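Step one of this worksheet: look at the structure below.
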Amino acid sequence: MHTRTPAQFDRSHGPTALVLSRPAGGNYRPDIDGLRAFAVLSVVLYHAFPNGIRGGYVGVDVFFVISGFLISKILFAEITEGSFSIATFYGRRIRRIFPALSVCLAAVLGYGFVSLMPFELARLGKHVFFGAGFLSNIALWSETGYFDAAATSKPLLHLWSLGIEEQFYILWPALLWIAFRMKANVARMMMVLFLASFAFNVVLAGTNIAADFYLPVSRFWELLAGAGLAWQGQISLKPEARSRISLAGFAGLLTSVAFFTPELRFPGWLALLPVAGAMAIIQAGPEATVNRTVLSKPAVVFVGLISYPLYLWHWPLISFAYVMRAGKPPTPLMATALLAASFLLAWATYRFIEFPVRHGRQHRQALTWIVVACVVTLGAGGLVTWTRSGFPERFAGLDMRKISEAKLDPPFQPTKGMDVSDHDHTFVTHLGEGERKVAFGGDSLLFHYGPRVQQLADEGRLAANTYFVSAGSCAPVPGVIQQDYFAHCANLPGLLVDLVRRERVQSVVLGASWSGYSGSNVLIEREGRRLPLNTQEGQGALYANLEDYVRMFQGQGANVYLVLGPPVHNRFNPAEMVTRSLFGFRIAPDAGDELAIAMLRASHAAFDARLRVVAEHTGAMLLDPLPDICGNGDGCSPFFGAGEPKSSDGMHLRPIFVREHLRFLDFLLK
77 MHTRTPAQFD RSHGPTALVL SRPAGGNYRP DIDGLRAFAV LSVVLYHAFP NGIRGGYVGV
137 DVFFVISGFL ISKILFAEIT EGSFSIATFY GRRIRRIFPA LSVCLAAVLG YGFVSLMPFE
197 LARLGKHVFF GAGFLSNIAL WSETGYFDAA ATSKPLLHLW SLGIEEQFYI LWPALLWIAF
257 RMKANVARMM MVLFLASFAF NVVLAGTNIA ADFYLPVSRF WELLAGAGLA WQGQISLKPE
317 ARSRISLAGF AGLLTSVAFF TPELRFPGWL ALLPVAGAMA IIQAGPEATV NRTVLSKPAV
377 VFVGLISYPL YLWHWPLISF AYVMRAGKPP TPLMATALLA ASFLLAWATY RFIEFPVRHG
437 RQHRQALTWI VVACVVTLGA GGLVTWTRSG FPERFAGLDM RKISEAKLDP PFQPTKGMDV
497 SDHDHTFVTH LGEGERKVAF GGDSLLFHYG PRVQQLADEG RLAANTYFVS AGSCAPVPGV
557 IQQDYFAHCA NLPGLLVDLV RRERVQSVVL GASWSGYSGS NVLIEREGRR LPLNTQEGQG
617 ALYANLEDYV RMFQGQGANV YLVLGPPVHN RFNPAEMVTR SLFGFRIAPD AGDELAIAML
677 RASHAAFDAR LRVVAEHTGA MLLDPLPDIC GNGDGCSPFF GAGEPKSSDG MHLRPIFVRE
737 HLRFLDFLLK
């Protein structure tokens with residue numbers, strides 16, 4: 077299905093923030109383990125039942141505050157006492173984080189090897205590599221965009237948070253040590269850093285929500301909030317006041333979980349509520365009402381103690397369930413069983429791996445190096461898996477290998493002889509030297525015809541100066557307003573106009589996934605009004621703008637061609653050509669069956685009809701790619717040649733297919 081969301085990321089995968097609740101000096105606070113239990117249960121239940129606990133992702137922010145408080149309290153004490161050691165600090169972090177992480181990475185990569193298709197295993201290998209290096213957040217941020225996979229298909233998506241924490245703790249101890257040595261005002265330094273990070277977060281929340289979510293600099297303020305609590309120490313208050321503070325903090329957390337939704341632009345300003353709630357509970361102290369009567373209960377504390385391995389295990393189990401069910405969420409019964417399995421694995425990991433390594437007195441240094449070696453080895457294994465494209469040679473059957481490799485086939489990229497200029501993610505590509513000039517404008521469903529142009533050039537048959545002005549998920553229509561990753565799409569129509577005027581282009585070809593521009597998250601501006609594209613009025617404005625755009629090109633002497641949308645169906649997707657089981661997959665029985673042409677046309681008939689109206693009003697010519705893709709019969713096969721899938725994802729045609737078979741544009745090019 078063609079989605080119009082900017083970046084496919086899941087905001088609910090929060091930080092582990094799971095450090096010892098026993099700070100230096102032995103002043104253990106069971107209520108903080110209880111607060112950690114609240115945080116992890118919020119996240120876990122949200123993932124298992126996303127339509128029930130829609131604000132559970134705020135557990136992320138609670139974790140960050142806890143982490144900043146506990147670790148900074150240890151650092152302040154050790155630096156003040158003169159006992160601070162970088163080696164000791166990171167040794168503690170390694171023994172705390174690495175044992176459970178290495179077991180989880182090994183299990184996920186091992187299961188992926190027997191259950192995932194090559195393109196899925198390659199992506200998992202990449203995430204293992206970056207997860208082992210605590211750079212998952214950077215890797216996931218770099219993936220956000222048009223071709224990004226759904227968050228639910230990434231079993232290690234949740235490691236982004238661990239990356240942010242470790243990036244913070246690479247800088248924070250050294251910065252504190254230097255500040256103490258220079259006798260700097262530590263409180264002022266923390267306040268400046270807090271305000272700078274928070275301001276960065278607010279700005280990004282309004283301009284690039286994916287960057288705001290994944291970049292460490294826009295998250296550090298939450299850890300610094302906890303650090304500020306540790307520096308301040310507990311304020312002297314009456315018991316009644318402490319209880320009121322804890323109740324207010326708990327109410328803030330419950331409000332966030334109950335009323336926040338994934339559609340909010342989060343973190344931004346809204347993150348202040350769960351952060352302030354967590355700070356209030358920590359500041360209230362262990363004897364405050366909520367802390368004593370709720371958070372310090374043995375069962376709640378137990379969940380807090382196993383929260384790190386629980387966090388590590390729960391998401392891979394849920395994500396693999398999504399993958400096995402072809403993107404469908406687990407049933408409530410299945411989700412409940414997965415949660416039970418997560419708790420069991422978490423307890424076993426804590427009891428037999430995490431606790432012995434972390435608290436064992438014997439061979440401590442050797443164990444530290446062993447777990448480091450395990451994580452490094454797993455990272456290297458992930459890198460090999462990634463660079464080897466998920467080992468497609470695992471499959472002996474030729475058809476299965478072709479299906480698997482089709483998903484790895486990248487979208488068309490400009491190649492030899494092409495001049496390319498990047499205008500804020502909108503690419504202007506030029507090939508050919510003929511007197512005739514043709515300009516193509518549109519999104520990736522127009523640019524995927526580029527391999528045919530390249531093929532004609534390679535054969536010496538390209539007679540036209542050919543230009544592409546293209547950007548993924550960008551409509552070739554003025555007035556379309558998008559946000560975040562796709563805000564740059566507003567540039568495309570103007571760039572095409574400038575090109576046509578400057579080069580005196582004779583033919584303009586406009587094409588797109590027209591049916592994809594019909595969501596509520598995209599607006600169209602016309603005559604001073606902004607309308608959502610999921611309304612009839614918005615659709616009318618979109619095609620009215622397109623009609624004006626066509627007439628403008630015609631006024632410059634250009635002939636205009638409108639390309640109808642190509643057939644889009646999940647049966648064209650190589651990932652849908654297999655049926656899965658817990659330990660593998662096979663080619664689906666109906667994978668080779670033809671799809672009815674009538675059904676394919678009906679799926680975008682309403683959008684084709686609007687294009688026909690534009691053509692009738694303006695005299696533009698309609699171009700239909702369907703006969704080249706499907707032939708002239710009543711059915712359309714998902715395959716061509718000797719069992720090669722035509723599409724890489726159910727929507728974009730593979731370059732290997734386009735080069736030889738998509739000839740409907742040749743009359744403009746040869």
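Mapped onto the working numbering, the consecutive letters of the sequence shown carry residue numbers 77 to 746. Think of the CB as a built atom: it goes at the ideal place given N, C-alpha and C, for glycine as much as any other residue. On a predicted model such as this, the values are computed, not experimentally measured, just so you know.
- For the pair W389 and A411, the CB atoms are not nearer than the 8 Å cut-off.
- Separation of the CB atoms of M355 and V134 is rounded to 13 Å, and the pair is thereby denied contact status at 8 Å.
- If you draw a straight line from the Cα of S191 to the Cα of V585, it is about 43 Å long.
- Using a Cβ-Cβ distance cut-off of 8 Å, the stretch 441–448 and the stretch 682–693 are not in contact, since fewer than three pairs of beta carbons, one from each stretch, lie closer than that value.
- Straight-line measurement puts the Cα of F296 at about 19 Å from the Cα of L233.
- The residue among E652, A718, V120 and G458 with its C-alpha nearest the C-alpha of K478 is A718.
- By the 16-neighbour rule on beta-carbons within 10 angstroms, I311 is exposed.
- Taking the C-beta atoms as reference points, T542 is found no nearer than 8 Å to G518.
- Per DSSP, the unbroken alpha helix (DSSP H) holding T412 starts and ends at P408 to T425.
- Of the candidates L484, L200, G167 and R171, the residue whose Cα lies closest to the Cα of L181 is L200.
- Between the alpha carbons of R427 and A417 lies a gap of roughly 15 Å.
- When secondary structure is reduced to three states using DSSP, H435 falls in the helix class.
- Residue range P315 to F335 is occupied by the alpha helix (DSSP H) that includes R320.
- Per DSSP, the beta-bridge partners of S723 are L729.
- Sorting K404, N127 and A667 by C-alpha distance to the C-alpha of A226 places K404 at the top.
- In the three-state reduction of the DSSP assignment, S549 falls in the coil class.
- Counting the other Cβ atoms within 10 Å of the Cβ of W248 gives 16 or more, which makes it buried.
- Residue nearest to P721 within the set E670, D700 and G239 is E670 (criterion: CA-CA distance).
- The Cβ atoms of A306 and F523 do not sit closer than 8 Å to each other.
- Counted as a single uninterrupted DSSP element, the beta strand (DSSP E) harbouring K513 occupies residues R512 to G518.
- By the neighbour-count definition (other C-beta atoms within 10 Å, threshold 16), D725 is a buried residue.
- Within the DSSP bridge table, the entry for V585 names F516 and Y637 as partners.
- Using a 10 angstroms sphere on the CB of Q359, the tally of other CB atoms reaches 16 or more, which defines it as buried.
- Relative to the Cα of R105, the nearest Cα in the group F659, G548, P362 and R677 belongs to P362.
- Remark: three or more beta-carbon pairs, one from each stretch, lie closer than 8 Å, so the stretch 593–601 and the stretch 545–556 are flagged as touching.
- In the three-state scheme derived from DSSP, where H, G and I count as helix and E and B as strand, E613 is classed as helix.
- Counting along the chain, I311 sits inside no alpha helix (DSSP H), nor does DSSP assign it H or E at all.
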